[in-house]
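K.L.:
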Amino acid sequence: MLWSRDLTPPSSLAITLLDLSFHRFSYLCFINMTDSSSEALAALQQLEENGKLKDRLAIIRISDPISTEVGGSYPSPSKRSSDVSVSNFDDPTPASLEADLSHYKELFSKLRFSYLEQVTKEKFLRAIVGDPPVIVGHNENMELETQLADVKAELKARKEDARIMIEEMEQMGRDLASRYKNVELQTTQLSTLPASIENLESTIAELRAKQIATMDPSDPNNTSSSQNLPLPATLALLAEREAELAALNRQLAAVHSALPRKTREAEAVGRERSVLERRKSDAIAQAREAQRKKQQGESDGLEEMGRWYRGAEDTLKELVGTQT
35 MLWSRDLTPP SSLAITLLDL SFHRFSYLCF INMTDSSSEA LAALQQLEEN
85 GKLKDRLAII RISDPISTEV GGSYPSPSKR SSDVSVSNFD DPTPASLEAD
135 LSHYKELFSK LRFSYLEQVT KEKFLRAIVG DPPVIVGHNE NMELETQLAD
185 VKAELKARKE DARIMIEEME QMGRDLASRY KNVELQTTQL STLPASIENL
235 ESTIAELRAK QIATMDPSDP NNTSSSQNLP LPATLALLAE REAELAALNR
285 QLAAVHSALP RKTREAEAVG RERSVLERRK SDAIAQAREA QRKKQQGESD
335 GLEEMGRWYR GAEDTLKELV GTQT
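This is the structure we're talking about:
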């Protein structure tokens, strides 16, 4: 009764953990042995159709009544006399299992106290009404006290060992629960992988067909040959392209550093160009005005001045030639 009061029977939980570990190992071996994704998908679909997938991966319920003997028949949770919710056994959760454990601990504590009380009363009554009555001396009490102390020490050590074992098993159960969730997630992903693989393969085939159709061997810019290189050649080409990219980056950095100076020079040239454009506009306006006056017969004195300058120049040349 002391074991039943403080601990849950280890056989059910141990069988649960071993069964889950075995089935998970069997499932992983089953997945590894399949040669292709289609075979794995077919096997999973067969297990789902037969209803064996959940049985193979599900954790054995540990919420069976604690009073059930190992190897005996499991009574229905609905026939229990305790006030624990029956729905907890249909859909157990960590909180419900913890509540059931606390409830059963309390029940076993009360049962142990009642048992000790009844047994003590029975032995006392048998001792005093017996013929002859049983008389227990002080020495016998001391011997019993010594034996009781030894038994209590041994019981305490066993309880400590059991507590450590339960903590380890609880940690193992949490780890297995997280692994079980991962297995369920991987199973769901595995069921969708074949369709995704088929779509990717069809897409790759279409892209290759388009590449072959649009490939022109005479085009120097054709990159299809570089796309079909082996890995070493691809790595070498990648290193070459990275070196070119680094050189371009250096050139861009130099251009960026020279950009402010070039900007200032461009602004100065722009200002000079504005001055020259204004002069050009003024010269064009003066030329048009002179052309207009010439067409209208007006004289501004420039032609007479020009003829006078040419005559003076001819006279000076004749004088210089005579003296020479």
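Read in order, the letters of the sequence shown are residues 35 to 358 in my numbering. Cβ atoms here follow ideal geometry from the backbone N, Cα and C, with glycine treated the same way.
Starting from Ile-198, trace the alpha helix (DSSP H) both ways and give me its first and last residue.
P.N.:
In the sequence shown, residue 198 corresponds to position 164, counting from 1. Start and end: 172-248.
K.L.:
Applying the 10 Å Cβ sphere with the 16-neighbour rule, what's the burial state of Asp-316?
P.N.:
The residue given as residue 316 occupies position 282 in the sequence shown. It counts as exposed.
K.L.:
For a test of the three-state rule: what should DSSP assign to Pro-128, helix, strand or coil?
P.N.:
As a position in the sequence shown, residue 128 is number 94, starting the count at 1. Helix at Pro-128.
K.L.:
Could you tell me which of Arg-208, Lys-314, Ser-148 sits nearest to Thr-127, measuring between CA atoms?
P.N.:
Numbered from its first residue, the sequence shown carries residue 127 at position 93. Of Arg-208, Lys-314, Ser-148, the residue nearest in Cα terms is Arg-208.
K.L.:
Smallest Cα separation from Gln-16: which of Ser-225, Met-176, Leu-265?
P.N.:
No answer is possible for residue 16: it lies beyond the span of the chain, which begins at 35 and ends at 358.
K.L.:
So, using beta-carbon positions, are Leu-271 and Leu-263 closer together than 8 Å?
P.N.:
Locating residue 271 in the sequence shown gives position 237, counting from the first residue. Locating residue 263 in the sequence shown gives position 229, counting from the first residue. Yes, they are a contact pair.
K.L.:
Considering just the uninterrupted stretch of the alpha helix (DSSP H) at Asp-316, what are its terminal residues?
P.N.:
For the purposes of this step, residue 316 is taken as residue 282 along the sequence shown, with counting starting at 1. 265-329 is the span of the alpha helix (DSSP H), which, as asked, contains Asp-316.
K.L.:
Within a Cβ cutoff of 7 Å, which residues of the same chain sit near Leu-62, ignoring the five residues on either side of it in sequence?
P.N.:
Your numbering for residue 62 matches position 28 in the sequence shown. Caution is warranted here: a pLDDT of 48 is assigned to Leu-62, below 50, making its placement in the model unreliable, and no coordinate value can be reported.
K.L.:
Can you give the Cα-Cα distance for Arg-146 and Glu-202, rounded to whole angstroms?
P.N.:
The sequence position of residue 146 within the sequence shown is 112, counting from 1. The sequence position of residue 202 within the sequence shown is 168, counting from 1. One C-alpha to the other measures close to 27 Å.
K.L.:
Quick one: what does DSSP say Asp-348 is sitting in, helix, strand or coil?
P.N.:
Mapped onto the sequence shown, residue 348 falls at position 314. Of the three classes helix, strand and coil, the one that applies to Asp-348 here is helix, per DSSP.
K.L.:
To the nearest angstrom, how far is the alpha carbon of Tyr-343 from that of Ala-319?
P.N.:
As a working mapping, residue 343 is identified with position 309 in the sequence shown. As a working mapping, residue 319 is identified with position 285 in the sequence shown. If you take the alpha carbons of Tyr-343 and Ala-319, they lie about 25 Å apart.
K.L.:
Are Ala-161 and Val-153 closer than 8 Å when you measure CB to CB?
P.N.:
Within the sequence shown, numbered from 1, the residue matching residue 161 stands at position 127. Within the sequence shown, numbered from 1, the residue matching residue 153 stands at position 119. Cβ atoms of Ala-161 and Val-153: not closer than 8 Å.
K.L.:
Quick one: what does DSSP say Val-168 is sitting in, helix, strand or coil?
P.N.:
Position 134 of the sequence shown, counting from 1, holds the residue named residue 168. Val-168: coil per DSSP, three-state reduction.
K.L.:
Do you know offhand how far Arg-341's Cα is from Asp-348's?
P.N.:
Translated into positions along the sequence shown, residue 341 becomes position 307. Translated into positions along the sequence shown, residue 348 becomes position 314. Whole-angstrom Cα-Cα distance: 11 Å.
K.L.:
May I have the straight-line CA-CA distance separating Ala-300 from Ala-288, to the nearest angstrom?
P.N.:
Taking the sequence shown and counting its residues from 1, the one referred to as residue 300 is at position 266. Taking the sequence shown and counting its residues from 1, the one referred to as residue 288 is at position 254. Each residue's Cα considered, the two are about 18 Å apart.
K.L.:
Just the Cα atoms here: how many angstroms apart are Ala-247 and Gln-223?
P.N.:
Looking up residue 247 in the sequence shown gives position 213. Looking up residue 223 in the sequence shown gives position 189. Computed Cα separation, rounded: 35 Å.
K.L.:
Return the CA-CA distance between Thr-297 and His-290, expressed in angstroms with no decimal places.
P.N.:
Within the sequence shown, residue 297 is the residue found at index 263, counting from 1. Within the sequence shown, residue 290 is the residue found at index 256, counting from 1. Those two C-alpha atoms are separated by around 11 Å.
K.L.:
If we count the other Cβ atoms within 10 Å of its Cβ and call it buried at 16 or more, is Val-217 buried or exposed?
P.N.:
Translated into positions along the sequence shown, residue 217 becomes position 183. Classification for Val-217: buried.
K.L.:
Taking its Cβ as the centre, do 16 or more other Cβ atoms sit within 10 Å of Asp-195, making it buried, or is it exposed?
P.N.:
Counting from one through the sequence shown, the residue named residue 195 turns up at place 161. It is exposed - the Cβ of Asp-195 has fewer than 16 other Cβ atoms within 10 Å.
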